[in-house]
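First to last, the sequence lines map onto chains A and B. Once you know that position 197 of the first sequence is 197 in UniProt numbering, the rest is easy, because the numbers rise by one and skip nothing. Once you know that position 25 of the second sequence is 25 in UniProt numbering, the rest is easy, because the numbers rise by one and skip nothing. In this text, a Cβ means the ideal position worked out from N, Cα and C, and glycines have one as well. None of the values given here were measured: they were computed from a predicted structure. Only one structure is covered here, and it is reproduced in the block below.
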Amino acid sequence: MTLENTEIDKGHIHPISRAIFEIRGIFADLGFEIALGPEIESERYNFDALNVPPDHPARDMQDTFWLKPKNAGNLLRTHTSPVQVRYMEAQLKAGIQPPYRIIAPGKVFRNEATDATHEAEFFQVEGLYVDKNVSLAQLKGTLLFFFQKFLGNKIDIRFRPSFFPFVEPALEVDVKMGNRWLEMGGAGMVHPNVFSAVGLKGYTGFAFGPGLDRLVMVKYGVPDVRLFYSGDLRFVGQF
Amino acid sequence: MIISYEWLQTYFKKKLPSPEKVAEILTFAVFEIESVEKKGNDTLIDVKVLPDRAHYALCHRGIARELAAALGAEIVLPQKRVPDSEKLAPLTIRIEDKKDCRRFMGRRVSGVLVAESPRWLRERLEAIGQRSINNIVDAANFVMFDIGQPLHAFDAEKVAASDKKQETRIMIRRAKKGEKIITLDDREVALDSDTLLVADDEGPLGIAGVKGGKRAAVGHTTQNLILEAAHFDPTLIRRTSTRLELRTDASKRFENEPAPELVAVAMKEFSALIAELCPDARFGEIVDEYPAPQTKRTIVIRAEDVSEKLGIAVSAKEMVNALERLGIEVAPEKNGRLALQIPPERLDLTIPEDIAEEVGRLIGYEKVPAVLPSKLSPEPRINKQFYWEWKIREFLTNEGFSEVMTSSFAKKGKVGIEKPLAEDKSFLREDLRQNMLNAALAKNVFYLPLIGTSRVKIFEIGKIFPESGEQTSLCVGVAQPKGFKEETADETIERFRKSLVSKFGDSAPTACKVFKGEIASPNFDIATFVVNLDFLFAALGDAPRQWDIKIPPAKTGIYKHISPFPFIVRDIAFFVSPEMQPEDAHRCIEKETGSLAQRVSLFDRFEKNGKTSFAFRVVFQADDRTLTDEEANTIMEKVSKALAKKFKAEIR
């Protein structure tokens with residue numbers, strides 16, 4: 001036994017970062033690369049290009065933080081999905097056609113009251129695969145692979161019908177841990193209007209976007225999402 | 001959308017499965033269910049109707065149709081006697097702009113007796129949380145919650161007739177500047193040209209699609225009615241109700257665009273219900289202004305495309321069966337194509353992908369197999385920014401720094417937020433330093449014994465929002481108790497800054513800013529430095545082909561609760577014979593202190609006169625209460641005794 005000497009101890013990686021680190025590795029095995037995007041977004045990338053037109057009731061699904069002045073149309077991204085659009089645009093601009101496979105982790109914002117399971121700022125991890133003849137079965141295969149690697153081989157997944165304007169069909173993904181089914185986030189087949197918005201023809205794709213905080217809470221049994229942003233080493237030091 | 005199970009049952013001949021089972025069936029076929037709750041003799045099912053299906057499913061019939069499709073059953077439509085129409089006083093409808101109002105149907109009714117609703121009607125409405133008002137208003141509400149079309153009834157005597165012809169004109173027009181209306185709930189609302197009105201020659205009768213006016217409200221003395229069933233522009237209604245902060249059951253439906261064809265169905269059912277409630281009522285002819293009729297929609301699909309999209313082999317027969325259950329008529333065309341005739345209320349179905357969803361969900365997503373996409377070549381590239389951020393994390397954790405994450409919101413800053421959650425979150429943070437000073441560093445100093453380190457060394461990587469756009473920033477901070485032996489906080493931060501610079505290149509000096517002597521506290525010293533990572537990374541090369549970053553393995557598999565109660569620190573030092581191993585002492589102390597010891601650690605050790613001295617520190621803390629000094633002392637006495645007995649330890 002050595003003396004406790006914290007000067008030689010390694011520091012701790014925040015559990016959300018650790019999850020991103022692991023997710024990168026899991027998806028690299030499937031050929032997905034990391035893509036990043038800004039936290040301040042324009043209305044176009046956060047909504048319009050994702051098939052959420054102005055004044056559509058679907059805008060209510062995500063309570064948005066608009067930045068001052070509101071008429072400038074800038075906001076805090078409500079999801080990591082804008083990275084899909086930005087990535088595809090950038091690839092096309094560089095003359096690179098699909099297949100595309102990306103994972104886009106990042107912080108997102110929702111204007112809603114905070115409690116143990118809801119934070120106004122949290123992390124999401126977006127996945128996108130664009131190719132000829134992408135199928136829902138491939139989405140299921142990819143998500144099963146990911147959740148088994150991340151949460152353990154014993155888990156199972158299922159799909160439920162849902163609605164997200166940028167995918168069709170749209171799904172909610174549940175993961176079974178022990179005897180409980182837990183909601184893990186949305187997924188689906190990329191809506192043709194998203195491809196039109198970036199100017200891509202003749203392709204299909206799938207996309208998904210589970211919440212990272214929730215994934216980590218489930219993985220380690222963290223009871224309160226607010227612990228992640230507390231800056232408290234009694235918490236971070238456990239990981 | 002609150003659905004009454006008993007109401008839903010009226011659409012089915014056979015007894016429905018239990019409410020819980022119905023909820024489960026709907027969950028996997030179409031809608032998420034928020035709750036199932038027994039209320040009196042009924043059960044309420046809260047169905048989460050998302051915007052795509054809100055065209056047709058914000059009502060009992062819409063849900064009944066979906067349930068029938070999932071069950072493979074037929075729904076039974078109510079058989080009510082449709083009253084004959086006769087010639088009553090004339091009624092004219094004028095639509096100013098067909099973009100604002102695609103359809104407006106009006107009808108006179110005379111000789112109604114306004115009274116309390118019969119029990120069945122009151123019960124239906126009250127079950128779903130609606131207040132019963134009178135038979136006419138209740139009839140309008142019932143039909144709205146039944147089929148999803150908002151309706152309105154005016155007291156015909158209070159609607160003005162135009163001067164010359166003694167004819168009543170209903171106009172659907174934009175409000176004029178300066179016009180006002182007193183709504184049914186006694187609110188005076190100032191209007192402008194962004195607001196659509198239902199008006200007569202005297203002025204506004206109601207805010208179209210949002211709220212009725214008080215002037216022509218139906219009351220106890222009302223005998224003659226003008227019924228309204230209409231279709232208004234969804235965007236206009238949404239904007240108006242948002243602007244006036246008047247979200248009503250009607251506006252919610254109008255903004256989701258119910259089918260214009262539904263207007264006629266609603267007028268028929270509204271009339272039939274009034275006829276049932278007021279048998280002596282006489283019904284005028286229906287006036288139907290329909291300048292922009294809904295067209296029939298056909299979607300052509302190939303069965304193979306749907307199968308391919310879903311990744312399941314669905315036979316044409318299965319597909320047709322699923323679609324017909326939704327009321328879609330399927331006609332085979334040449335080349336294996338299918339022409340689908342979409343029911344008018346299904347405005348959500350426009351492209352083949354929508355059909356893939358309908359087929360997939362009705363066949364059941366559990367039938368979709370899990371298939372991995374084939375491997376791609378070449379190997380994925382490594383994102384440069386991502387790589388270097390992780391290189392910094394790797395470097396700093398190797399140097400003993402832990403990573404924290406804090407809020408992106410701040411009390412002050414350059415970028416303001418329109419409707420902040422709280423006053424101290426009105427801006428986006430312009431640096432990481434404030435959070436690090438205020439929250440992270442100072443707080444953690446206090447918890448050092450629990451954390452088990454001699455000082456706090458942390459960092460955060462995150463976006464900051466200075467005047468122009470956003471920037472990726474790094475903040476590194478040190479907080480240490482006053483009198484920390486090796487070096488001051490200022491020296492520490494300077495040392496790590498230099499080390500980071502030497503590792504990450506020449507641009508670092510300009511990207512870096514050091515803040516020494518941050519907080520002058522009698523108990524501890526704090527220093528920080530911040531780095532503009534965008535600037536730093538710009539001068540660095542691309543990421544390598546292979547990912548080469550290693551992080552310390554996770555310490556835990558499961559989170560351990562952090563007690564909110566105070567902790568107590570006790571040290572114990574003792575001499576033992578040199579053969580004695582510290583592990584044995586450690587085990588003995590842990591055994592005696594039990595679950596109240598959060599941490600037992602060896603912090604000093606030396607040899608003297610042929611004996612070894614060990615010093616251990618015990619941090620006590622309970623999960624459920626504040627420990628007293630006496631409790632800690634009693635336990636430490638037990639520890640001393642046990643050490644003395646087991647190892648002949650001489651307590652110092």
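Enclosing alpha helix (DSSP H) for Gln341/B [first to last residue]: Locating residue 341/B in the second sequence gives position 341, counting from the first residue. It is not in any alpha helix (DSSP H) - Gln341/B instead sits in the beta strand (DSSP E) that spans 337-342.
Run of the alpha helix (DSSP H) containing Glu41/A, from where it starts to where it stops: Numbered from its first residue, the first sequence carries residue 41/A at position 41. Counting along the chain, Glu41/A falls outside any alpha helix (DSSP H), though it belongs to the beta strand (DSSP E) covering 40-42.
Beta-carbon proximity of Gly106/B to Ile2/B, cut-off 8 Å: The residue given as residue 106/B occupies position 106 in the second sequence. The residue given as residue 2/B occupies position 2 in the second sequence. Against a cut-off of 8 Å, the Cβ pair of Ile2/B and Gly106/B comes out as no contact.
Cutoff 8 Å: Asn133/A Cβ touching any chain B Cβ: Within the first sequence, numbered from 1, the residue matching residue 133/A stands at position 133. For Asn133/A, at least one C-beta of chain B is nearer than 8 Å to its own C-beta.
Against chain A: residues of the segment 16-40 of chain B by CB proximity under 8 Å: Of all residues in the segment 16-40 of chain B, Thr27, Phe28, Ala29, Val30, Phe31, Glu32 have a Cβ within less than 8 Å of some Cβ in chain A.
Top-ranked residue by Cα proximity to Gly336/B, from Val306/B, Arg325/B, Glu358/B: Residue numbering aside, residue 336/B sits at position 336 when the second sequence is read from its first letter. Residue nearest to Gly336/B within the set Val306/B, Arg325/B, Glu358/B is Val306/B (criterion: CA-CA distance).
Bridge partner(s) assigned by DSSP for Lys367/B: Sequence index remark: in the second sequence, residue 367/B carries index 367 (1-based). When DSSP reads this structure, Lys367/B sits in no beta bridge, so it has no partner.
Any non-hydrogen atom of the ligand GDP within 7 Å of Glu119/A CB: Because no ligand of any kind appears in the structure shown, any question about the ligand GDP cannot be addressed here.
Buried versus exposed, by CB contacts within 10 Å (16 or more), Arg77/A: Numbered from its first residue, the first sequence carries residue 77/A at position 77. With 16 or more other Cβ atoms inside 10 Å of its own Cβ, Arg77/A counts as buried.
Residue span of the beta strand (DSSP E) that contains Tyr100/A, given as start and end: Your numbering for residue 100/A matches position 100 in the first sequence. From DSSP, the beta strand (DSSP E) with Tyr100/A extends over 100-109.
Validate contact between the segment 59-74 of chain A and the segment 106-116 of chain A using beta carbons, cut 8 Å, 3 pairs: A contact between stretches requires three or more CB pairs, one per stretch, nearer than 8 Å, and the segment 59-74 of chain A meets this requirement with the segment 106-116 of chain A.
Pick from Lys176/A, Gly211/A, Ile102/A that is closest to Gly205/A, judged by C-alpha positions: Your numbering for residue 205/A matches position 205 in the first sequence. For the options Lys176/A, Gly211/A, Ile102/A, the alpha carbon positioned closest to that of Gly205/A is the one of Ile102/A.
Whole-angstrom distance between Asn321/B and Lys294/B, CA atom to CA atom: Taking the first residue of the second sequence as 1, we reach residue 294/B at position 294. Taking the first residue of the second sequence as 1, we reach residue 321/B at position 321. Inspection of the sequence shows that residue 294/B is occupied by Gln rather than by Lys. Distance between the alpha carbons of Gln294/B and Asn321/B: 26 Å.
Beta carbon proximity, Ala197/A to chain B, threshold 8 Å: Indexing the first sequence from 1 puts residue 197/A at position 197. False, the Cβ-Cβ gap to chain B never drops below 8 Å.
Start-to-end residues for the alpha helix (DSSP H) that takes in Gly213/B: Translated into the one-based positions of the second sequence, residue 213/B becomes position 213. If you look at Gly213/B, you'll find it isn't in any alpha helix (DSSP H); DSSP assigns it neither H nor E.
Proximal residues of chain B, C-beta to C-beta of Arg77/A below 7 Å: For the purposes of this step, residue 77/A is taken as residue 77 along the first sequence, with counting starting at 1. Neighbours of Arg77/A on chain B: none; closest Cβ ~11 Å, over 7 Å.
In DSSP terms, what Asn532/B is bridged to: Numbered from 1 along the second sequence, position 532 holds the residue referred to as residue 532/B. Paired residues: Ser473/B.
Phe529/B to Tyr45/A span [Cα, whole Å]: Here the question's residue 529/B lines up with position 529 in the second sequence. Here the question's residue 45/A lines up with position 45 in the first sequence. Cα to Cα, the separation comes out at about 34 Å.
Limits of the unbroken beta strand (DSSP E) element including Ile33/B: Position 33 of the second sequence, counted from the start, is the residue given in the question as residue 33/B. For Ile33/B, the uninterrupted beta strand (DSSP E) run begins and ends at 32-39, by DSSP.
Nearest-angstrom Cα separation, counted from Pro83/B out to Cys278/B: In the second sequence, counting from the first residue as 1, residue 278/B sits at position 278. In the second sequence, counting from the first residue as 1, residue 83/B sits at position 83. Near 11 Å, if we compare the C-alpha coordinates of Pro83/B and Cys278/B.
Straight-line gap, Lys214/B to Leu349/B (C-alpha atoms, nearest Å): Taking the second sequence and counting its residues from 1, one reaches residue 214/B at position 214. Taking the second sequence and counting its residues from 1, one reaches residue 349/B at position 349. Distance from the CA atom of Lys214/B to the CA atom of Leu349/B, rounded to whole angstroms, is 39 Å.
Rounded straight-line distance, which links the Cα of Leu8/B to that of Ile38/B: Here residue 38/B is taken as the residue at index 38 of the second sequence, counted from 1. Here residue 8/B is taken as the residue at index 8 of the second sequence, counted from 1. In the sequence under discussion, the amino acid at residue 38/B is Lys, which differs from the Ile named in the question. Taking the straight line joining both Cα atoms gives about 15 Å.
Beta carbon proximity, Pro57/A to chain B, threshold 8 Å: Working through the first sequence from its first residue, we reach residue 57/A at position 57. Yes, its Cβ sits closer than 8 Å to a Cβ of chain B.
Classification of Asp185/B by the beta-carbon crowding that lies within 10 angstroms, buried from 16 upward: Walking along the second sequence from the start, residue 185/B turns up at place 185. Asp185/B is exposed by the Cβ-count criterion.
Interface residues of chain E facing Trp66/A [CB-CB closer than 9 Å]: Absence of chain E from the displayed structure is noted, the protein chains being A and B.
Through-space distance from Lys309/B to Asn133/A, alpha-carbon basis: Translated into the one-based positions of the first sequence, residue 133/A becomes position 133. Translated into the one-based positions of the second sequence, residue 309/B becomes position 309. Approximately 7 Å, taken between the alpha carbons.
Proximity to Glu304/B [Cα-Cα], best of Met319/B, Lys296/B, Arg297/B: By 1-based counting over the second sequence, the position of residue 304/B is 304. Ranked by Cα distance from Glu304/B, the options Met319/B, Lys296/B, Arg297/B are led by Met319/B.
DSSP state of Met319/B mapped onto helix, strand, coil: Stepping through the second sequence from its first residue, residue 319/B is reached at position 319. Helix.
Nearest candidate by alpha-carbon position, reference Leu191/B, set Val198/B, Asp200/B, Ile181/B: Stepping through the second sequence from its first residue, residue 191/B is reached at position 191. With distances taken between Cα atoms, Leu191/B lies closest to Ile181/B.
Arg495/B (DSSP reduced to helix, strand or coil): Working through the second sequence from its first residue, we reach residue 495/B at position 495. Helix.
Cross-chain neighbours of Val456/B in chain A, by beta carbon under 9 Å: Taking the second sequence and counting its residues from 1, the one referred to as residue 456/B is at position 456. Within 9 Å Cβ-Cβ: Leu233.
Cutoff 8 Å: Gly477/B Cβ touching any chain A Cβ: For the purposes of this step, residue 477/B is taken as residue 477 along the second sequence, with counting starting at 1. For Gly477/B, the nearest beta carbon of chain A is not closer than 8 Å to its own beta carbon.
Members of the segment 97-108 of chain A that neighbour chain B once the beta carbon cut-off is set at 8 Å: From the segment 97-108 of chain A, only Pro99, Arg101, Lys107 have a Cβ closer than 8 Å to chain B.
First through last residue of the alpha helix (DSSP H) which encompasses Leu182/A: On the first sequence, residue 182/A is found 182 positions in, with the first residue counted as 1. Counting along the chain, Leu182/A falls outside any alpha helix (DSSP H), though it belongs to the beta strand (DSSP E) covering 180-190.
Nearest-angstrom Cα separation, counted from Thr221/B out to Asn135/B: For the purposes of this step, residue 135/B is taken as the residue at position 135 of the second sequence. For the purposes of this step, residue 221/B is taken as the residue at position 221 of the second sequence. In a straight line, the C-alpha of Asn135/B is about 13 Å away from that of Thr221/B.
Counterpart residues of Gly106/B in DSSP-defined beta bridges: Against the second sequence, residue 106/B aligns to sequence position 106. Residue pairing by DSSP puts Gly106/B in a beta bridge opposite Glu228/B, Val287/B.
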